[in-house]
Every structure is written in structure tokens, then in C-alpha cells.
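Numbering-wise, the sequence shown is residues 777 to 1390 according to our numbering.
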Amino acid sequence: MHRDLLLDEADGHLTVTDLTTPDLAPARVAPADLPALVAAREAEPDGVRWVWDSTFRHYPALLAAGVRINRCWDLRLTRAILRGSTLLPAGVAVRTWPTLEPDPWEHWDGDLGSAAAIPDAEDLGATLFDLVGGGAPRPDARRDVAAEHARQLAALDAVAEPGHRRRLQLLLAAESSGALAAAELRHDGLPFARAEHEATLERLLGPRPRTGERPTTLERLAAEIRTILDAPRLNPDSQPHLLRELRRNGLDVSSTSKWELQGNEHPVVPVVLEYKSLARLASANGWAWMDTWVREDRFRSDYVPSGVVTGRWSSRGGGALSLPKVIRSAVRADEGWSLVIVDAAQLEPRILAAMAGDTAMLEAGARGDLYQGLVDAGVVDTREHAKVGMLGALYGSTSGTSGMLVPRLARAYPRALALVDGAARTGEAGGVVTTWLGRSSPPASAAWRDAQANASGVDAGEAEESRARSRAREWGRFTRNFVVQGTAAEWALSWMAGVRQRLRVLTATAGGGSDRAPHLAFFLHDELVVHTPDALADEVTEAVREAAAQASHLLFPHLRAVVDPLVPLDVVRSRSYASSPVAEVLDELGTVEDATGPSSATIVRDDPSSPSRG
């Protein structure tokens, strides 16, 4: 049985308190001596779990000192889960965590281990799934680690239903393990051949320009656009200016987006699309990006666990969650190493079926490809229709092809569709929904409440009523997807935690030192990449499969007899990420093509005959 060790700080020193032996005096240690103390505790046969305020405040320095830990309890992350979870009895959260101003636990401190300064707004999008957190902790707002740990224990004890308590405990453990993995992912990095990427940039954009200048290819394309549009002063980087000139030349478009432009046959369209694609390459993954994020042939980005309200990860710079096709040729394993690229096939629909206990839908995916299973069951006529219909069910489509297909799915799989429909109705009414393990959605916003109140007023007109209905439907679509996306994120976290543990065991048994240890190199929602010595690639492949089975059994132990595996895996062993068919689902750069040479890859699927991805 592992010991819980609480790490706190005060007066420039750290204290380590053994929570399993209350009579033992806390150990006082200088920050410089912490790595040696942690290494000694980690070497204990029964293991330890570190209880601390934030992994991102303490773990990067330990990693830099060559010390890795097995388990932790990240109080900042787990506090956010518990405070909002509806699995806690009513009133417990409010009594346990009174409002604090300022609240030192609300601040993201991931930058305390980063080598680059990241703006708070990096990677934010104006959607319902925006990132959460931000800002540096105030120096006068100290976190009381021991008191917070006691509060969280009391909150868990207040959950009377054992099944609910177990789920919350599993979620807190997975969330904390994810924080460790995020720090390790940044420390270890994704293998990235700088010379290869520089060659790609020069081939597509020309020689590296001076600061403030366009690359030669972009300058040539800009001149061509100006000539075709007869607009010698046009700046193609100015969307309003470009849109105005396109309209002046007879294009009936309302934006300069690829999807709108490509429907026109004007000679300027292919040139504009090529310019936009290459301009995005230059800005998002060009020389400045490489100087910032690639060091010693490793791409190191800052991952943010639960950076999205559903529990999904985000990134705070470098675009780790969107590696476009054109740069993947530079993601190459070291000599004598391989990339084991693993994808959890069709994760969200399978998680929906598991949550709902819809055995018919589970059985449809039992042979590997869930979408083909829907076709074989006679629910829809084509695999593409199966995919479109399922996405419509997950995101609440009511029009177009998906809107027509969703009723067929509802007749075939009533329990699955009833679950997301119920979550949508809860959101439309302003309610809160909760994932399988216990992460709850945020309450409806003040704007939502105002819209509903205005529509209920005695002077409310058609405009107010329409606005209220629109807001309600919008929030319903959010809660509909929240329960599925959030539970899928929980499965993925549990999976990654299992992979991480197995890689540690594999390293210990194989020997060879930390420089020959397989490690997680990349993570994206339902996909992960392990960088491994060739000699251990088979063991790593087995480890990721075992971890996936374990994650399914932890979350849904009652379904083992119904379908196994619950989530099939696509596994690719390759020297290059570009050769992975799994990677095709990531964002692509429009008309820019991947000009990688031939490379060998070994593809292993749970059902070799089934193209289950996508």
C-alpha cells in the first residue's frame, strides 16, 4: 500500500508530511534538495503518492533533475472537478469551498516550467468549449495545501453512494496522472527533425526571409493575385481588403474562407487558396515557430490538462493539438527507435453506447468498424451515411443529410439516442449534466438566463422569444455533446495513465537507463504516440492494448461480457509520423501537399479487415 506524502512550502522551504503516519514530524527541505528526497521516496518498494497544490509548480524542476514520480494528487485540478460535480450532495460544495477573493487555486501555473513565454490567450477560441483558467498566481495569495487536501477528503466522504464515490476517485486519479503525463510530454518532447522541416519550408516558401518580409513564394503569389484582380495595392493578408477586391471582380462571396472560395471558377481562386495555405504554414509552423518550439530535435509544447470544460486537453502554444500534414515528415523517430502511433477507433460513439448500455449499438461495433456495423445491421445504406448520422446525433443536427439520418439511428439504438436527447433537454432548461465519472458542465451563463427572463416578461415580443429559444437550443447542443465528449476524455485519460504505468514497468525490467526508455511523445484526445527503442516496440504495442482494455474495464466493468474490446485500437509502428494513416484525421493545410518519400510502416488493428478509423 502506497504512502501519501504532502508537499507544502513556507518561508522559502518545503515540508514533506507523511499523511499515513500522523505522529511523524514533517521533513523540512530546501528546494535544491527536493529532487534527492523525492528520488529516495520513489525508490521505496510500496511506492508513494505526492499530494501537492499543482503538478506544474513542482514537477518540471524534478524532471529537469532526472527524477520522475509514479503517482500524485494534483489538488488544483481535482478541486475544480469536485467543486462542480453534481455527484456531491447538494450544498456540500458551497460549504466546503466558500468564495475567496482572490482565489489562489483558480490560477493556471503551467508556465512555471516552460522555456517560452506564452500569452494567456494562446489557442483560445470563441466557442462553448473554450479553454478555462489563465493568469499567474498572486504572490500574496498562498495555497493552504493541507487544508485543501482535508476539504477534498471530506467532500469525497460526503458522497454516500459507493459507486459514485468510486467513480469520482477514479476521475481524480486519472486527472492527476494526466498532469504528470503532460509535464513529461513537454520534457521528453516529440522527435522532430529540424533539418527536414527546414527543407520543407524552403521547398514550399523559399529561403528564410528577413524579419517582417514575406517569403519569396508568398511574394510571387501576392503579385499574381494583384495582377489577376487588377489591384496593385492589394494586401492579400488583409481579409477585408481581399474580400472587397474579390467582390469587385465579380465573385459573389461573403468571406475568404476556403469552403466558400472553392465553389467559384474564377482564375484567382486557386492562387488565393494556395497563398492562404502557404501563409498559414509560414505563420503557424514556419521558422519563428520552429525557433520557439523545437529544441535539440524535439518539439516541446505546453499541454493543458482539462483546458477545455469537458476535460479534454488544450495547448498553450506551439499548436501541439494540430500538427498539419505538411510538417509530419519532420516527426521522425531517432535512429534505432520507432514511433508506435495508436488511435482509439471511433471513441465517442462507442462511449455513448457504453454509457447508455445500448447493447445493440455495442454489438454493431464489435467487429471493429462501428460505422460499417451500422450498415451491416441495415440501419443506414452507406458507411459515410453512418458517420454523418452519428455525428448528427452527437452534436444535435436537425437539418441536412444528418438530420434525416438521426431518426433512423434513434429507432435502431433508442437507449443511446435517449441519453444525448435527455442531456440536450437538460441544457435547454438551463440544467447541469455530468459525465460518467463525475465531471459536471458549467451552469448556464448570465446571458442565457437574461434571454429566458426577457422572453418571459409581459412585454416580450417575437424577437425576445426567438432569442431565448436560440439560446436554449445552443446550450442544449453543448450539454448533449458534453456528456459524451467528457466521458470519452475520461476514458482517454485512464488509458494514458495505464500506458504511462506500463512504460515505467517496461523500462525498469528492460534496463538500459532513462535515455533508452520508451516514453509518451504525443497525445491528442483519442490518439497517442510512444517513442520507443526498436527492441521494445512489440512490448510497447502490447502495453497500449492492455491499458485500453484496463481503461474500459475500470469505467464500464459491467460491459466486459457484452463486448471486448470496448474500444478497438489502430496501432501503427513507423519511423515517421507522416506514414501513419491515423495522422490523416488531423488538420491539413488546404492545397499544400505532403511531399514525403516512401517509408515503411507496420499497421496492426484489432480487426485487420476493418478500416475503423474515422
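Quick reminder that beta carbons are idealized off the backbone N, C-alpha and C, glycines included.
Query	Result
For A1200 and V827, the rounded distance between their alpha carbons	37 Å
Among L994, A955, S1221, P1183, nearest to E978 - alpha-carbon criterion	L994
Contacts around L948, its chain only, beta-carbon distance under 6 Å, and the 5 residues preceding and following it disregarded	T854
C-alpha distance - A934 paired with R847, whole-angstrom precision	24 Å
Inter-residue CB distance, T1283 and A1293 (contact presumed, cutoff 8 Å)	4 Å
Secondary structure of E1303, DSSP reduced to three states	strand
At least 3 beta-carbon pairs within less than 8 Å: the stretch 1185-1200 vs the stretch 1129-1149	yes
Delimiting residues of the alpha helix (DSSP H) encompassing T1263	1238-1286
Buried or exposed (CB count within 10 angstroms, at least 16 for buried), W849	buried
Residue range of the beta strand (DSSP E) that includes A1120	1113-1120
Collapsed DSSP secondary structure at R1056 in the structure displayed	helix
Whole-angstrom distance between D784 and D920, CA atom to CA atom	8 Å
Span separating the alpha-carbon of D1157 from that of P1309	44 Å
Rounded C-alpha distance that separates A720 from G1168	An answer regarding residue 720 cannot be provided, because it is not within the stretch 777 to 1390 covered by the chain.
Beta carbon of R918 nearer than 7 Å to that of S1114	no
Cβ-based neighbour list, D992, same chain, cut-off 6 Å, excluding 5 preceding and 5 following	The sequence shown places Thr at residue 992, not Asp. For T992, where only same-chain residues beyond five positions count, the Cβ hits under 6 Å are G982.
Inter-residue spacing [alpha-carbon to alpha-carbon] between L838 and P811	6 Å
First and last residue of the uninterrupted alpha helix (DSSP H) at V921	921-933
Contacts around S861, its chain only, beta-carbon distance under 6 Å, and the 5 residues preceding and following it disregarded	G1214, S1216
Closest Cα partner of V1393 within the set V1343, R1256, N1025	This structure does not reach residue 1393, given that the chain is present from 777 up to 1390, and the question cannot be answered.
Straight-line gap, A1265 to F1298 (C-alpha atoms, nearest Å)	15 Å
Within 7 Å, strictly: CB atoms of D1021 and L1005	Checking the sequence, you will find Glu at residue 1021 rather than Asp. Their beta carbons are under 7 Å apart, which means E1021 touches L1005 by this criterion.
Chain D contact for R1002 (CB, 7 Å cutoff)	No chain D is present in this structure, which holds just one protein chain.
Beta carbon of G1252 nearer than 7 Å to that of G1203	yes
Helix, strand or coil at D1157 [DSSP, three-state]	coil
Proximity to R1084 [Cα-Cα], best of A856, R779, D829	Per the sequence presented here, residue 1084 reads as Val, with Arg not at that position. Nearest of A856, R779, D829 to V1084, Cα basis: A856.
Beta-carbon gap between A1319 and R1278 smaller than 7 Å	yes
Outcome for G1149 when other beta-carbon atoms lying within 10 angstroms are tallied against a minimum of 16	buried
Residue burial classification, P807 (beta-carbon count within 10 angstroms, cutoff 16)	exposed
Three CB pairs or more closer than 8 Å across the stretch 1046-1057 and the stretch 923-932	no
Where the beta strand (DSSP E) through H789 begins and ends	789-794
Three or more C-beta pairs below 8 Å linking the stretch 1322-1341 and the stretch 1096-1108	no
DSSP three-state assignment for F832, whether helix, strand or coil	helix
Option nearest P798 by Cα separation, candidates L781, A936, R984, G788	L781
Residue range of the beta strand (DSSP E) that includes S1105	Note, S1105: premise wrong, no beta strand (DSSP E); not H, not E.
Residue closest to E736, alpha-carbon to alpha-carbon, out of A803, V1339, I845, P985	A query on residue 736 cannot be resolved here, the shown segment of the chain reaching from 777 to 1390 and no further.
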